[in-house]
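For reference, the structure is listed below as structure tokens.
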Amino acid sequence: DSENTLGAIYVARDPRNIVNSLSNHFSDNISNATDNLLGEMYQMEEGTKCRTHIGRWNFHYNSWKNFPKKKFLFIKYEDLVLNKKVILEKILNFLETLTKSKFPIDNKKIQKVISTTEFNHMKKMENRKGFHEASVNTTTGKVNNFFNLGPDNDWKKLLNNELKEKKEKNYKKEMIELGYIKN
-7 DSENTLGAIY VARDPRNIVN SLSNHFSDNI SNATDNLLGE MYQMEEGTKC RTHIGRWNFH
53 YNSWKNFPKK KFLFIKYEDL VLNKKVILEK ILNFLETLTK SKFPIDNKKI QKVISTTEFN
113 HMKKMENRKG FHEASVNTTT GKVNNFFNLG PDNDWKKLLN NELKEKKEKN YKKEMIELGY
173 IKN
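Each residue of the sequence shown is one higher than the last, beginning at -7 in this note's numbering.
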């Protein structure tokens, strides 16, 4: 709650793209992952390091919108991917305000942060060293790559029309609000 939290940064992502990541992480097919994400409660523990409760995407998004604005920074994942430097500076400015301290904007450091957090860099690092939050496929016993599709996770290529429409119908209000679909 806002009394016990200095602040929060919330990153929203197009729910049509979340389903591919969810399917991979929980070793589930896309159709089941879609149905589970549309359900009231989705709980997974097999193959993960801890029990995970996932509610409806729109419930999660709407619950964060009520956080006090001065303690809350909202970011769209897609903006973060397209405008890394701008969003990183926005995060630093937000942290300055919250902590009442100064973070000098050092362009060299910002470029270093951006280059070391690029998907391909993170995927190579996971392949070399593993990644703590990767899950285990309960059928094969193999570790699922946490950094799986990255820029190739494109619902337009990976999601069939029925599942796309199911998401858009169930999340219409919020997807319009976020600019993911038109009214």
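Backbone N, C-alpha and C define an ideal beta-carbon position, used for all residues, glycine too.
ask   = Pick from LYS63, SER23, LYS116 and GLU88: whose alpha carbon is nearest that of GLY142?
value = Measuring from the Cα of GLY142, the nearest candidate turns out to be LYS116.
request  = Quick one: residues in its chain with C-beta nearer than 6 Å to the C-beta of GLU166, no 5 flanking neighbours on either side, listed in chain order?
outcome  = ASN50 and TYR53
ask   = From this set, LYS134, ILE173 and LEU151, which residue's C-alpha is nearest LYS161's C-alpha?
value = ILE173
Counted within 10 angstroms of its Cβ, other Cβ atoms place GLY39 as buried (16 or more) or exposed = Low confidence applies here, because GLY39 scores a pLDDT of 48, under 50, leaving its location unreliable; read the following figure in that light. GLY39 should be labelled buried.
query = Any idea if ILE203 is buried or exposed, counting beta-carbon neighbours within 10 angstroms, 16 or more meaning buried?
reply = With the chain running from -7 to 175 in the structure shown, residue 203 is simply not present.
ask   = Near ASN16, what residues of its chain come up, given a Cβ to Cβ distance below 6 Å and the 5 sequence neighbours on each side ignored?
value = ASN136 and ASN140
message = Just to confirm my understanding: we take ASP71, look at its own chain, exclude 5 residues before and 5 after, and list those with CB closer than 7 Å. What are they?
response = ILE79
ask   = Should VAL73 be labelled buried (16 or more other beta-carbon atoms within 10 Å of its own) or exposed?
value = exposed
8 Å Cβ cutoff met for SER65 and ILE1 = Looking at the sequence shown, residue 65 is not Ser but Leu. Yes, they are a contact pair.
task = Please say whether TYR163 and PRO60 have beta carbons closer to each other than 8 Å?
result = no
ask   = Can you round the beta-carbon distance between ALA4 and LYS68 to whole angstroms, since I take them to be within the 8 Å contact cut?
value = 6 Å
query = If we ignore side chains and look at the alpha-carbon of each, how far apart do ASN91 and ILE97 end up?
reply = Looking at the sequence provided, one finds Thr at residue 91 rather than Asn. If I take the Cα positions, the gap works out to 16 Å.
request  = Look at LEU30 and LYS148 and say whether their C-beta atoms are less than 8 Å apart.
outcome  = no
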